[in-house]
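Residue numbers (our numbering): -18 to 374.
Reviewing the structure listed below.
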Ligand SMILES: C[S@@+](CC[C@H](N)C(=O)[O-])C[C@H]1O[C@@H](n2cnc3c(N)ncnc32)[C@H](O)[C@@H]1O
């Protein structure tokens, strides 16, 4: 039995696990602190593990990293982390000729630092491999051949071999132009899943550099995010990974497109500011979607002047400003109210929106005669945000 870990946005573990079950046929279970686990019946490395690692890294839209769990358990102090890591068997996955690094992540109150954690666990791995294979593993913090992640959340410890690498999967290489408040592409995709979007007309009325429209089009067309990745994946440096990809995942499949090739996508992005619009066009071109997506300059508070009579967008997925990096909080709250009124007049039936300004958004959607049908709290970096689903009442 091999247990894989997939990491995602904290708070959306169940949405991501459902996505892995639906899209890949994997037995994914939601955990805590952004973790999803996948148990595979064979030992690591076996063909099912190799396929799953490769396919999730290449195809998954909702994940940040994919790894193989080496050991996990309750560890109240540093010595118990050392002892647990010392007892793990590294020989099937880590060769004593390889260099390695521990990347520690510590959350909660501890009497030691993340650096202490990394040092103790690193020593345990060195001691264990020396005992089993008679050779001391070399440490290389800059360009290790094997990256091990040591996570300690409260007293829950987990050590895993990262198959993705230091560049997480949510960093999509089609993004050439940046934005001060851009959305993580993996979160954009999870919002599309929360919206139950199935490839029909979609509007992002405050699209910035078009993250949501781009992720929607890639999803609809069945284009893997890994197609754009520059710099490769950490698994390519692991000797036990086979060179040739296979087409199945543990009896499951790779995700299918949502729409057939002849169906025209109706995905519209609206953005008020020219500089972000320029960025959107550049990113769309980089993703090879210039013929698929439309982004226009306009005001989300006056969508009627953007849309012509023949256009109708029943679903809106958006990430409006929170009044932190852009504009003030007061102006932002006014914008929420005006956007919701305009959405109602424009025939938008479902709004899926991420925001930190919970009360202002709740008030705005209700005043515009929408009913909130779901709330998904999510950590967005250090921000506590909520993804609301609001349906026309
Ligand atoms: C948080 S950002 C969205 C980022 C976007 N999701 C991305 O990943 O690039 C909010 C965007 O809303 C735009 N915006 C603000 N007021 C607007 C309005 N009245 N109409 C349209 N866009 C607006 C801002 O310029 C900004 O680009």
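Where is the CB? At the ideal position from N, CA and C, for every residue including glycine.
Straight-line Cα distance separating residue j from residue i
i, j, result
"residue 58", "residue 136", "8 Å"
"residue 204", "residue 134", "35 Å"
"residue 122", "residue 249", "44 Å"
"residue 7", "residue 235", "11 Å"
"residue -14", "residue 202", "27 Å"
"residue 185", "residue 73", "47 Å"
"residue 48", "residue -2", "15 Å"
"residue 64", "residue 348", "57 Å"
"residue 183", "residue 194", "8 Å"
"residue 100", "residue 373", "54 Å"
"residue 284", "residue 354", "24 Å"
"residue 62", "residue 102", "7 Å"
"residue 261", "residue 91", "43 Å"
"residue 238", "residue 333", "22 Å"
"residue 191", "residue 13", "30 Å"
"residue 94", "residue 87", "8 Å"
"residue 154", "residue 213", "11 Å"
"residue 287", "residue 22", "53 Å"
"residue 168", "residue 116", "43 Å"
Secondary structure of residue i, DSSP reduced to three states
i, result
"residue 79", "coil"
"residue 373", "strand"
"residue 359", "strand"
"residue 143", "strand"
"residue 278", "strand"
"residue 176", "coil"
"residue 321", "helix"
"residue 48", "strand"
"residue 151", "coil"
"residue 9", "strand"
"residue 314", "helix"
"residue 351", "strand"
"residue 119", "strand"
"residue 162", "coil"
"residue 284", "helix"
Range of the contiguous beta strand (DSSP E) that encloses residue i
i, result
"residue 134", "127 to 134"
"residue 331", "331 to 336"
"residue -12", "-17 to -12"
"residue 299", "296 to 299"
Near ligand 3: residue i beta-carbon under 8 Å from a heavy atom
i, result
"residue 301", "As for ligand 3, it is missing from this structure, which binds only ligand 1."
Element boundaries [alpha helix (DSSP H), containing residue i]
i, result
"residue 339", "339 to 348"
"residue 61", "59 to 67"
"residue 268", "No alpha helix (DSSP H) contains residue 268, which DSSP labels as neither H nor E."
Review point. Which whole runs of the beta strand (DSSP E) in the segment 185 to 253 are 3 residues long or more, in chain order?
Key: 248 to 252
Review point. What beta strand (DSSP E) runs, 3 residues minimum, are completely inside the segment 11 to 46?
Key: 16 to 21
Practice item. Entirely within the segment 77 to 115 and at least 3 residues each: give me those beta strand (DSSP E) ranges in chain order. Key: 80 to 88
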